[in-house]
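*Asks:* Pasting a structure below so you can have a look.
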Amino acid sequence: MAAVFDADAAKARGQRAGDGTPVHLVIPTKSPWVPLRILGLGKSGQDRVDADVYLLTDARPQMLPAP
461 MAAVFDADAA
471 KARGQRAGDG
481 TPVHLVIPTK
491 SPWVPLRILG
501 LGKSGQDRVD
511 ADVYLLTDAR
521 PQMLPAP
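Residue numbering for the sequence shown follows the numbering used here, beginning at 461 and increasing consecutively.
Right, here's the structure in full:
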C-alpha cells in the first residue's frame with residue numbers, strides 16, 4: 461500500500477500544516493483484518509490510545525477477540 465501527498469492540492473483545499481488528511485482504503489477481501497495494535501506503537505502498556513476508527517463493511521463485522 462502506498463499513499464501520495466499532493467501539497468498543491470492540499471493548499472487549494474485550504475489545508476495547513478497540522479491539519480488532518482483522511483485516508484480511505486478499500487480492502488477487497490471477504491474477511492478484512494484491521495491491525496489495531498499498530499495504533500499503540502511506541503506507547504507503554506499503561507498509555508491510552510485515543511483514535512477514531514471506522515470500519516465500514518457491507519455486513520456486520522465479526523470483532524475478534526470476543527470479550
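No residue lacks a Cβ here, since even glycine has one placed at the ideal position from N, Cα and C.
1. Which residues in the same chain have their Cβ closer than 6 Å to the Cβ of LEU499, if we skip the five residues on either side of it in sequence?
2. Whose CA, out of GLY474, ALA469 and LEU515, lies closest to the CA of LEU496?
3. Does the Cβ-Cβ distance between VAL486 and ALA463 come in under 9 Å?
4. Taking the alpha-carbon positions, what's the LYS471 to GLN506 distance?
*Replies:* Looking at the atomic coordinates:
1. Along the sequence shown, read from residue 1 onward, the residue named residue 499 stands at position 39. If we look at LEU499 and ignore the five residues flanking it on each side, its Cβ neighbours are VAL509 and ALA511.
2. In the sequence shown, residue 496 corresponds to position 36, counting from 1. Comparing Cα positions, the closest option is LEU515.
3. What you label residue 486 is simply residue 26 of the sequence shown in a count that begins at 1. What you label residue 463 is simply residue 3 of the sequence shown in a count that begins at 1. For VAL486 and ALA463, no; Cβs fall outside 9 Å.
4. In the sequence shown, the residue the question calls residue 471 occupies position 11. In the sequence shown, the residue the question calls residue 506 occupies position 46. If you take the alpha carbons of LYS471 and GLN506, they lie about 38 Å apart.
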